[in-house]
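Residues in the sequence shown are numbered from 1 upward in steps of one, following UniProt numbering. The C-beta atom is built at its ideal place from N, Cα and C for all residues, glycine as well. All values derive from a computational prediction rather than experimental measurement. Take a look at the structure set out below.
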Amino acid sequence: MTFIKFQDMKNAQENIVSAIAGKQIKQIGEAVNGYINIRYDKLSTMVNAAGNGTDPGPRTCTGSVCEITYQTLINDGLLPSSFSGVNSFKSPYKILLRRDGTSPNYIINGLITTSSPWIIGNNTRFDLLGLAMQSAGIDSGMSKNDTIVSGLGGQWNESSSNFKNITGKGLLAYRVGFNSSMYAVYLRRDGSLPMSGDLNMGGNNINNVKDINSSGRISTGALKTVGEGNIGGNLLVSGSSEMLGVVAMKNGLSVDGISILKGELISKNNITASGNITSSSDIYSNGRLTTNEYLQINGKAIAESSCSSNGLVGVSSVGKIFSCSNGKWKSADGSGSLGFFSFVYQDIGGVLYENIDHCYLPNLHTGSCSCLPDELAVSVLTSIKLPNRQVQGRFVSKKHIYLCLKSTTSGRRGYFY
């Protein structure tokens, strides 16, 4: 009975030791994966540790293999300073990292082994190694002979031709690096594994990027491209947009607000407006100007007054059309037309008096009861009210019509009866 209890206690103790050994080598393996991640630039170029604060080491590289120790991991803050480099069955560790692949896409694989096999008495304790592997997980393994390490459940193998720390049977091992399962938690340099969470750059840059393909939104404080920008959908800009070069549009341009152009607007086709077109300066056309409605001319012209240049069109104060011909405004209905006008008459005691302050029939050339500056107003009697009476030295008629005739004595009125 005592022997059975002792054996049970021994088995329980061995189980505890095995579990501790498995957890410890897994802890080292996770630390080595972190080391590969932060020291990839050194490992991919096979550079020995500098031995300073930025790369304390130790790390010794020969050919395509670098060797580090548990102290390397402590120095880089990947293991606690209290970590022991000897496992629960009194064996230290040997850590080898191997560079594979081609430049610039090198990959780093590694193998951690115990330096000593797990032997109790003369027996290699494969049973205890198996228990340790169960505790360590899928990347753990053991050497069943002098040249091969086999992973948990036979899922992977490594040989002594690749890793010189496989020196005999009975070693506890742990696979690290690119081919390991635990390394999947790190961002792989060759892009062979997708991200399973957000990528946080911690405020650092992403340099030398070729294409960024996104199925969602890209949010940025400032967007700058030194090449082309190709947008397959809509471009929504909440603020102002400034284009320093030429803007080419092969389809329509829709603007809800005001468009302000500080330079010339050149259209190689029609310009169609459903509202008004207003210009504070001249409008030029090399072709015909056509309107399907009326043409409103607001430029005022006075017959025979000076104008420039020939071909201008204006209107008098009463809307008569004039054109500029040989530096003078001419009536559009014939340059030889005769101007005439008539005043309003008042009946005072049976006598009609001419009221020169009120124009009854204005001159079409001047828009008032007056002649042009170089014309003489000649009165023509149209009907007699009192044929035998004179008022103030002249006959009084019902109506005088004044004809505007060319004269060298401008500014006067004459009478013809």
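Q: Ignoring anything shorter than 3 residues or poking outside the region 74-154, list the beta strand (DSSP E) runs there in chain order.
A: 93-100, 107-114, 140-143, 148-151
Q) Between which two residues does the alpha helix (DSSP H) containing LEU171 stretch? A) No alpha helix (DSSP H) contains LEU171, which DSSP labels as neither H nor E.
Q: Go to SER44, then tell me how far its alpha helix (DSSP H) extends in each direction, as first and last residue.
A: 40-44
Q) In whole angstroms, what is the alpha-carbon distance linking GLY202 and ILE38? A) 15 Å
(Q) For a minimum of 4 consecutive residues, which ranges assigned as the alpha helix (DSSP H) are wholly contained in the region 254-333? (A) Counting whole runs of 4 or more residues, the region 254-333 contains no alpha helix (DSSP H) stretch at all.
Q: Please report the residue range of the beta strand (DSSP E) in which ASP357 lies.
A: 351-361
Q: Note down the Cα distance separating ASN200 from GLY232, rounded to an integer number of angstroms.
A: The alpha-carbon atoms of ASN200 and GLY232 are separated by roughly 28 Å.
Q: Could you tell me the distance, in whole angstroms, from the CA atom of THR54 to the CA atom of GLU67?
A: 18 Å
**Q.** Through-space distance from TYR360 to SER325, alpha-carbon basis
**A.** 30 Å
(Q) In the DSSP output, what is HIS400 paired with across the bridge? (A) LEU381
Q | Range of the contiguous beta strand (DSSP E) that encloses CYS61 | A | Element bounds for CYS61: 59-62.
Q) What does a CB cutoff of less than 6 Å around GLN346 pick up in its chain, not counting 5 residues either side in sequence? A) TYR353, ASN355
Q: Return the first residue and the last residue of the beta strand (DSSP E) that SER180 is part of.
A: Careful: SER180 lies outside any beta strand (DSSP E) and carries neither H nor E.
**Q.** SER159 - containing beta strand (DSSP E), residue span
**A.** That run of the beta strand (DSSP E) goes 157-159.
Q: Would you please state the rounded distance, in angstroms, between the beta carbons of PRO58 and THR45? I believe it to be under 8 Å.
A: PRO58 to THR45, Cβ: 17 Å. No contact.
Q | Whole-angstrom distance between ILE212 and LEU111, CA atom to CA atom | A | 35 Å
**Q.** Best match in ILE218, ASN363, ALA377 for proximity to LYS406 [C-alpha to C-alpha]
**A.** When only C-alpha atoms are compared, the closest one is ALA377.
Q | Cβ shell of SER116 (< 6 Å), same chain only, five flanking positions each side left out | A | SER91
**Q.** Rounded straight-line distance, which links the Cα of ASN179 to that of GLY151
**A.** 12 Å
Q) Could you check where the beta strand (DSSP E) with CYS66 kicks off and where it finishes? A) Residue range 65-68 is occupied by the beta strand (DSSP E) that includes CYS66.
Q. Taking C-beta to C-beta, are HIS365 and CYS404 nearer than 9 Å?
A. yes
Q) Based on the DSSP output, what are the partners of LYS406 in its beta bridges? A) GLU375
Q | N- and C-terminal bounds of the beta strand (DSSP E) containing ASP211 | A | Segment: none, ASP211 is in no beta strand (DSSP E) and carries neither H nor E.
Q: With DSSP as the reference, label GLY29 as helix, strand or coil.
A: Under the three-state reduction of DSSP, GLY29 is assigned to helix.
Q) With distances taken from CA atoms, which of SER305, ASN234, ILE260, ALA136 is nearest GLU242? A) It is ILE260 whose Cα lies nearest to the Cα of GLU242.
Q: Below 8 Å on the Cβ atoms is my guess for residue 420 versus LYS169; work out the distance and round it to an integer in Å.
A: Residue 420 is absent from the structure shown; the chain starts at 1 and stops at 417.
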